[in-house]
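S.K.:
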Amino acid sequence: MKARWRGQVIAESGRTLEVQGYRYFPRESVRMDLLQLAPKTTSDLACPHGVQFYDVTADAARSERAAWSYEAPRAAMKQVDHWIGFWNDVEIE
Numbered sequence: 067m068k069a070r071w072r073g074q075v076i077a078e079s080g081r082t083l084e085v086q087g088y089r090y091f092p093r094e095s096v097r098m099d100l101l102q103l104a105p106k107t108t109s110d111l112a113c114p115h116g117v118q119f120y121d122v123t124a125d126a127a128r129s130e131r132a133a134w135s136y137e138a139p140r141a142a143m144k145q146v147d148h149w150i151g152f153w154n155d156v157e158i159e
């Protein structure tokens with residue numbers, strides 16, 4: 067599977083997982099150099115899984131909060147602990 071943003075592959079792996087309707091990539095398969103920590107919101111701080119959102123960036127382009135990771139997941143999300151999920155304008159194929 068691949069995650070593409072603006073035509074650029076930002077993640078690629080043969081061992082992704084689909085959990086609750088979202089596709090997650092192992093962190094080592096993600097171009098972390100294209101992700102920038104997004105400031106936590108009140109809603110983020112209330113998340114029981116310790117969510118951390120990332121902006122996807124390259125050159126002058128930015129897609130805010132288009133990726134996320136659970137840093138302290140509870141049982142339901144434990145299988146994707148520190149893996150990266152994508153949404154918004156990131157295409158999964």
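Read in our numbering, the sequence shown has 147 at position 81, and its numbers run on one by one without any break. A virtual CB, placed ideally from N, CA and C, is assigned to each residue, including glycine.
(1) V156: which of D110, V96, Q86 sits nearest, CA to CA?
(2) Going by CA-CA distance only, name the one from I76, R89, K106, Y88 that's closest to D99.
(3) Going by Cα to Cα distance, which pick from Q102, L101, G116 is closest to T108?
(4) Can you say whether P114 is buried or exposed, counting buried as having 16 or more other CB atoms within 10 angstroms of its CB?
(5) Which stretch, first to last residue, makes up the alpha helix (DSSP H) that contains L111?
(6) Should Q118 be labelled buried (16 or more other beta-carbon atoms within 10 Å of its own) or exposed?
(7) Please classify P105: is it buried, with 16 or more other beta-carbons within 10 angstroms of its beta-carbon, or exposed?
(8) Which two residues bound the contiguous beta strand (DSSP E) that contains L100?
M.R.: Checking against the coordinates, here is how it stands:
(1) By one-based count along the sequence shown, residue 156 stands at place 90. For V156, the nearest C-alpha among the options comes from V96.
(2) Numbered from 1 along the sequence shown, position 33 holds the residue referred to as residue 99. Cα-wise, what sits closest to D99 is I76.
(3) Taking the first residue of the sequence shown as position 1, residue 108 is located at position 42. Out of Q102, L101, G116, G116 has the C-alpha closest to the C-alpha of T108.
(4) Along the sequence shown, read from residue 1 onward, the residue named residue 114 stands at position 48. With fewer than 16 Cβ atoms within 10 Å of its Cβ, P114 is classed as exposed.
(5) For the purposes of this step, residue 111 is identified with residue 45 of the sequence shown, where counting begins at 1. Unbroken alpha helix (DSSP H) run through L111: 108-112.
(6) Counting from 1 along the sequence shown, the entry for residue 118 is found at position 52. By the 10 Å Cβ count, Q118 comes out buried.
(7) In the sequence shown, residue 105 corresponds to position 39, counting from 1. So P105 counts as exposed.
(8) Numbered from 1 along the sequence shown, position 34 holds the residue referred to as residue 100. Careful: L100 lies outside any beta strand (DSSP E) and carries neither H nor E.
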